[in-house]
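Written below as structure tokens is the structure these notes are about.
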Amino acid sequence: EGRTAALLQKMKSGDASQFPIETALKVLTIEGAKVLGMENQIGSLEVGKQADFLVIQPQGKIHLQPQENMLSHLVYAVKSSDVDDVYIAGEQVVKQGQVLTVEL
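Okay, so the sequence shown: first residue is 1 according to full-length UniProt numbering, each after it adds one.
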């Protein structure tokens, strides 16, 4: 959804520079939390907030190169299969692609 929203904003303005990646990430994180009235709980990694985040190792993933463009890759190129680890409320629930919270 984030990729689509960012692309729509660029298309609406007709100028890709009018919606830089830093703005897109703010909209997807802290600004989204503000809209929900939850900016004191989510939207950024800070002490006292829920720590929900992903870990992605870009090495060996050609679509995530060059690594200097990682912010853009996060919005426009990352696939679900690229996610290595997932943390929800600071607790690891996926490790190296394996779900830890479900017994099979």
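Glycine residues also receive a C-beta, built at the ideal position from the N, C-alpha and C atoms.
Where residue 94 sits in the DSSP three-state scheme: strand
Residue(s) in a DSSP beta bridge with residue 87: 53, 92
Reduced DSSP category for residue 78 - H, G, I as helix; E, B as strand; rest coil: Note: residue 78 maps to coil in three-state DSSP.
Buried versus exposed, by CB contacts within 10 Å (16 or more), residue 24: buried
Proximity to residue 90 [Cα-Cα], best of 47, 82, 68: In this structure, 47 is the residue among 47, 82, 68 with its C-alpha nearest to the C-alpha of residue 90.
Whole-angstrom distance between residue 51 and residue 45, CA atom to CA atom: 6 Å
Contact check, residue 19 vs residue 6, beta carbons under 8 Å: Going by C-beta atoms, residue 19 is nearer than 8 Å to residue 6.
Own chain, CB closer than 8 Å to residue 92, minus 5 neighbours either side, in chain order: 85, 86, 100
Selected residue, minimal CA-CA separation from residue 78, among 30, 55, 41: 55
Beta-carbon proximity check, residue 111 vs residue 2, cutoff 8 Å: Summary: the structure shown does not reach residue 111, with the chain confined to residues 1 through 104, and so no result is reported for it.
Simplified DSSP assignment, three categories, for residue 27: helix
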